[in-house]
Amino acid sequence: MSANKSNANKSNKSNKSNEKDKTPTVNAMRELSIEKLVLNICVGESGDRLTRAAKVLEQLTGQTPVYSKARYTVRSFGIRRNEKIAVHVTVRGPKAEEILERGLKVKEYELKRSNFSETGNFGFGIQEHIDLGIKYDPSIGIYGMDFYVVLGRPGARVSRRRKSQKKIGFNHRVTKDETIKWFKQRFDGIVLNR
Numbered sequence: 447m448s449a450n451k452s453n454a455n456k457s458n459k460s461n462k463s464n465e466k467d468k469t470p471t472v473n474a475m476r477e478l479s480i481e482k483l484v485l486n487i488c489v490g491e492s493g494d495r496l497t498r499a500a501k502v503l504e505q506l507t508g509q510t511p512v513y514s515k516a517r518y519t520v521r522s523f524g525i526r527r528n529e530k531i532a533v534h535v536t537v538r539g540p541k542a543e544e545i546l547e548r549g550l551k552v553k554e555y556e557l558k559r560s561n562f563s564e565t566g567n568f569g570f571g572i573q574e575h576i577d578l579g580i581k582y583d584p585s586i587g588i589y590g591m592d593f594y595v596v597l598g599r600p601g602a603r604v605s606r607r608r609k610s611q612k613k614i615g616f617n618h619r620v621t622k623d624e625t626i627k628w629f630k631q632r633f634d635g636i637v638l639n640r
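447 is the number of the first residue of the sequence shown in our numbering; add one for each residue after it.
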């Protein structure tokens with residue numbers, strides 16, 4: 447009697463292990479996610495137009511934008527070194543995903559292959575900020591902006607932390623092809639070979 451029970455237990459265990467083998471396991475450490483989204487408006491001059499561009503970014507994100515300075519003087523453009531010429535803001539978390547979705551909707555989920563970098567990031571630009579759903583304000587005007595998306599995997603902090611900093615292994619780095627695959631799956635997007 448006990449021999450029959452032990453044989454039955456063995457067959458049940460083998461059936462359970464076969465069921466487990468059939469379902470594909472996904473490694474959580476290999477999942478790509480949006481680390482941050484950077485929105486940039488480069489006006490090319492300081493003054494009133496730059497402050498209005500900052501208002502646009504504040505309306506869109508609800509965060510206070512940061513001003514960027516010119517690195518060197520370009521006389522033909524009328525830019526002096528250390529003059530504030532652009533404004534940008536970094537967005538993270540669910541808000542970044544929501545704003546990115548709105549930006550991609552303007553582009554009709556179509557990006558060029560050249561929009562994707564070798565390190566697994568991508569960027570694109572839009573012509574008018576009112577396409578994102580912001581109401582037009584005649585006192586502000588219309589501004590275009592750039593979207594820069596940084597993708598990463600869990601564990602990427604190892605290469606950026608201050609203490610005990612290490613390199614990320616080659617297999618764990620994000621590549622251009624992986625980013626394109628993620629973009630196609632996540633947003634059902636189209637990548638043009640240009």
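Yeah, the Cβ is synthetic: ideal placement off N, Cα and C, and Gly gets one too.
Might you give, ordered along the chain, the residues of its own chain that have their beta carbon closer than 7 Å to the beta carbon of residue i, omitting 5 neighbours on each side?
i	result
Lys581	none
Whole angstroms is fine: what's the gap from residue i's alpha carbon to residue j's?
i	j	result
Met591	Thr469	44 Å
Asn517	Thr471	Looking at the sequence provided, one finds Arg at residue 517 rather than Asn. Straight-line Cα distance between these residues: approximately 49 Å.
Thr491	Ala474	First, the residue type needs correcting, since residue 491 is Glu and not Thr in the sequence shown. Near 45 Å, if we compare the C-alpha coordinates of Ala474 and Glu491.
Ala500	Gly635	30 Å
Ile586	Ile545	20 Å
Glu504	Ala542	14 Å
Asn567	Pro511	22 Å
Lys609	Gln573	42 Å
Leu597	Asp623	13 Å
Thr519	Pro540	39 Å
Gln631	Arg521	46 Å
Thr497	Glu481	27 Å
Asn639	Leu557	9 Å
Gly571	Thr625	18 Å
For residue i, is the classification buried or exposed, using 16 other Cβ atoms within 10 angstroms of its Cβ as the cut-off for buried?
i	result
Gly508	exposed
Arg538	exposed
Ile487	buried
Arg599	buried
Asn561	buried
Relative to the alpha-carbon of residue i, which residue among the options has its alpha-carbon at the smallest distance?
i	options	result
Tyr594	Gly524, Asn639, His534, Lys530	His534
Glu477	Ile545, His618, Gly635, Val637	His618
Glu529	Asp634, Ser514, Val596, Ser585	Ser514
Gly569	Val489, Ile525, Phe629, Asp583	Phe629
Gly549	Gly579, Ala532, Ser563, Asn561	Gly579
Gly615	Ala602, Asp623, Glu574	Ala602
Thr621	Thr565, Arg607, Glu544	Thr565
Lys627	Pro584, Gln611, Arg559	Arg559
Tyr430	Arg607, Glu554, Arg495, Val596	Nothing can be reported for residue 430: it is not among the residues displayed for the chain, which extend from 447 to 640.
Glu554	Ser563, Asp577, Asp583	Asp577
Output needed for residue i: all residues of its chain with C-beta closer than 8 Å, excluding positions within five of it in sequence on either side, in chain order.
i	result
Glu547	Phe633
Lys612	Val604, Ser605
Quick check: does the Cβ of residue i come within less than 6 Å of any heavy atom belonging to the ligand MN?
i	result
Phe633	Judged by which ligands are present, the structure shown has none, so any question about the ligand MN falls away.
Within the same chain, show all residues whose beta-carbon is closer than 6 Å to that of residue i, passing over the 5 residues directly before and after it, in chain order.
i	result
Arg526	Thr519
Task: 3 or more residues per run - each beta strand (DSSP E) lying fully within the segment 547-574 - done: 556-558, 568-572
Task: Contiguous beta strand (DSSP E) assignments of at least 3 residues, all confined to the segment 487-551 - done: 512-515, 530-537
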